[in-house]
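Since the structure comes first, as structure tokens, the remarks are kept for the end.
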Amino acid sequence: MTTTTLDSFGSSTTSPVAALAGINDFAEGFVAYQTRAVNVLVTADNHPDSALANIYAGMLWMFLERPEAPEKSIPYAQRAERAGGLNRREKGMLSLLEAWQQHDYHHVLRIGEQLCGEYPQDLPLLKVVQYHAFNAGNAALMLKLALAGESANAHRAPIHSMIAFGYEQSHQLSAAEAAAHRALSIDPDEPWAHHALAHVHLGRGSINEGLSILSGSSASWEGLNSFMFTHNWWHVALFEIANGQVDAALKIHDQRCWGIQPEYSQDQIGAVSLLARLELADVDVGDRWQDLLPFLETRQDDVVQPFLSLQYLYGLAKADSPLALELMTLIRAQAESPHVAQDRALWQEVGIPAAEGMFAHARGDHETAARELGTVRSSMWRTGGSHAQRDLFEQVLLDARLRSGQWELARKTLEQRRQWEPDSPILQRQLNDVYQHLGSN
Numbered sequence: 145m146t147t148t149t150l151d152s153f154g155s156s157t158t159s160p161v162a163a164l165a166g167i168n169d170f171a172e173g174f175v176a177y178q179t180r181a182v183n184v185l186v187t188a189d190n191h192p193d194s195a196l197a198n199i200y201a202g203m204l205w206m207f208l209e210r211p212e213a214p215e216k217s218i219p220y221a222q223r224a225e226r227a228g229g230l231n232r233r234e235k236g237m238l239s240l241l242e243a244w245q246q247h248d249y250h251h252v253l254r255i256g257e258q259l260c261g262e263y264p265q266d267l268p269l270l271k272v273v274q275y276h277a278f279n280a281g282n283a284a285l286m287l288k289l290a291l292a293g294e295s296a297n298a299h300r301a302p303i304h305s306m307i308a309f310g311y312e313q314s315h316q317l318s319a320a321e322a323a324a325h326r327a328l329s330i331d332p333d334e335p336w337a338h339h340a341l342a343h344v345h346l347g348r349g350s351i352n353e354g355l356s357i358l359s360g361s362s363a364s365w366e367g368l369n370s371f372m373f374t375h376n377w378w379h380v381a382l383f384e385i386a387n388g389q390v391d392a393a394l395k396i397h398d399q400r401c402w403g404i405q406p407e408y409s410q411d412q413i414g415a416v417s418l419l420a421r422l423e424l425a426d427v428d429v430g431d432r433w434q435d436l437l438p439f440l441e442t443r444q445d446d447v448v449q450p451f452l453s454l455q456y457l458y459g460l461a462k463a464d465s466p467l468a469l470e471l472m473t474l475i476r477a478q479a480e481s482p483h484v485a486q487d488r489a490l491w492q493e494v495g496i497p498a499a500e501g502m503f504a505h506a507r508g509d510h511e512t513a514a515r516e517l518g519t520v521r522s523s524m525w526r527t528g529g530s531h532a533q534r535d536l537f538e539q540v541l542l543d544a545r546l547r548s549g550q551w552e553l554a555r556k557t558l559e560q561r562r563q564w565e566p567d568s569p570i571l572q573r574q575l576n577d578v579y580q581h582l583g584s585n
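In case it helps, my numbering puts the sequence shown at residues 145 to 585.
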């Protein structure tokens with residue numbers, strides 16, 4: 145006879161009581177960016193009769209964001225199915241995991257949206273589905289999902305952080321700020337609320353206020369998983385760059401953004417993006433591209449997510465690795481035989497031209513970079529990532545236009561950027577250079 149217990153979010157599970165601690169470690173740790181989330185792997189291995197523990201373990205492996213992730217994840221899904229007696233929620237979560245393993249992201253979102261509607265108290269599930277909506281560039285769904293879960297989780301800080309980020313990605317900055325502060329009124333150390341406020345203040349151009357908030361909160365990030373720790377510090381570095389404090393940003397790269405978990409996808413793209421932005425601000429980053437190389441070289445065949453692949457490619461090319469050409473060749477092949485079949489149009493229309501542009505820029509071919517990145521400028525949202533993360537591609541395009549003498553296009557972009565970074569010494573220096581060239585023609 146199957147027994148039913150409740151996890152710490154009030155969701156029923158058919159798992160044995162002995163597995164509940166590991167299940168809760170994942171559920172609570174995942175939404176709070178705590179390292180105890182990985183404890184579910186041991187729980188799943190020790191409790192093959194716990195479908196939910198094995199589903200969570202399978203999801204954890206998929207967050208690896210590597211080509212081999214499904215291979216590591218599938219045995220847990222198979223074990224969950226063999227456990228038998230799954231309730232409706234667990235069956236739905238298993239179906240979601242299996243679609244994820246097949247890279248059928250459209251199906252993942254269909255299943256996920258339905259499950260979130262049926263189980264609004266299930267905050268870990270909501271977090272998983274919002275992650276997929278984010279990767280799809282679907283800010284409207286991110287916000288819709290979070291708002292639907294608010295009433296069942298109003299006493300929990302993470303739901304308000306998730307709402308805040310959904311609002312911010314939907315360009316509703318005041319609503320995002322209010323939701324983030326509501327989260328902090330419940331838990332002043334809520335890291336995703338700090339993150340949402342970083343986006344709000346970057347979007348407004350209130351650089352000093354954003355820097356003050358993050359600097360005052362940074363002690364609470366110690367001990368969190370590498371993504372949350374390094375990513376919030378990455379945001380601090382962006383504020384420092386905007387203020388012209390490039391030495392401080394470089395120090396953050398060295399001490400807070402790189403080297404924590406260098407084999408992880410998000411740590412890698414954070415480092416690539418930060419080094420690129422520093423170089424675009426005329427900072428000599430020394431041999432730091434070479435420091436990334438041993439870890440980026442493992443990405444030579446990684447086309448799981450276009451947004452990630454573009455940054456692996458740029459890092460490999462900046463480090464002068466021959467593997468950059470191998471990855472570029474594989475990216476070009478996605479037009480005909482994509483790793484993820486449903487992404488053929490995304491690769492053809494956005495991913496491949498963007499990759500050509502990033503590859504060209506890293507190799508000093510600025511005319512090609514400007515042409516290719518310019519064609520996809522308005523479509524980059526389709527690759528996923530946040531506004532702040534995708535701004536890397538905008539900055540590379542701007543630099544390519546500057547270096548290829550496209551002064552009027554560069555001027556328009558710089559004047560637009562000055563609206564939300566009015567005090568940036570870097571932008572002012574670039575504008576002075578542009579107007580000098582335009583005035584001499």
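Beta carbons: idealized from backbone N, C-alpha and C, even for Gly.
On a predicted model such as this, the values are computed, not experimentally measured, just so you know.
Excluding residues up to 5 positions away in sequence, Ile496 lie with their Cβ nearer than 7 Å to the Cβ of Arg476 in the same chain. Using a Cβ distance threshold of 8 Å, Ala224 and Asn198 count as a contacting pair. DSSP places Tyr249 in the uninterrupted alpha helix (DSSP H) bounded by Tyr249 to Glu262. About 4 Å separates the CB atoms of Leu285 and Ala277; that is less than 8 Å, so the two are in contact.
Between Ala301 and Ala327 a beta carbon distance of about 4 Å is seen, short of the 8 Å cut, so the two are scored as contacting. Straight through space, the alpha carbons of Glu493 and Ala479 are spaced by roughly 9 Å. Runs of alpha helix (DSSP H) with 4 or more residues, each lying fully within the segment 513 to 580, are found at 531 to 547 and 551 to 562, listed in chain order. Ala513 and Gly501 do touch by the CB rule: their CB atoms are close to 5 Å apart, below 8 Å. Checking the DSSP bridge columns, you'll see Leu196 has no partner listed. A distance of 8 Å or more separates the beta carbons of Trp551 and His505.
Here the segment 516 to 528 makes no contact with the segment 559 to 568; the two share fewer than three CB pairs at distances below 8 Å. For Ser465, the three-state secondary structure derived from DSSP is coil.
Asn369 and Ala176 have their C-alpha atoms roughly 9 Å apart. The beta carbon of Arg400 sits closer than 6 Å to the beta carbons of Trp377 from its chain, once the five residues preceding and following it are set aside; these are given in chain order. Glu353 and Gln222 have their alpha carbons spaced roughly 49 Å apart. Between Arg545 and Leu553 the beta-carbon gap is near 5 Å, inside 8 Å, which marks them as a contact. Ranked by Cα distance from Leu517, the options Glu511, Leu541 and Arg534 are led by Leu541.
The C-beta of Tyr579 has fewer than 16 other C-beta atoms within 10 Å across all chains shown, which makes the residue exposed. Check the Cα spacing between His299 and each of Ala323, Glu209, Glu312 and Leu253: the tightest is with Ala323. Leu437 places its beta carbon 8 Å or farther from that of Val416. Rounded to whole angstroms, Val273 and Leu253 show a C-alpha spacing of 7 Å. Separation of Gln410 and Gly583 (C-alpha to C-alpha, rounded to the nearest whole angstrom) is 43 Å.
When the Cα atoms are used, Gly228 and Ile351 turn out to be separated by approximately 53 Å. One alpha carbon belongs to Ala195, the other to Gly173, and they sit about 19 Å apart. Note that the C-beta distance between Leu454 and Ala485 is not below 8 Å. Look at the segment 458 to 505 and you find these whole runs of alpha helix (DSSP H), each 4 residues long or longer: 467 to 477. The beta carbon of Glu321 sits closer than 6 Å to those of Val344, all from its chain and outside the five residues before and after it, given in chain order. The segment 361 to 447 is shown to contain whole alpha helix (DSSP H) runs of 4 or more residues at 370 to 386, 390 to 396, 409 to 424 and 432 to 440, in chain order. In this structure, the beta-carbon distance from Gly459 to Trp433 falls below 8 Å. In this structure Pro211 is in contact with Asp445, their Cβ atoms being roughly 6 Å apart against a cut-off of 8 Å.
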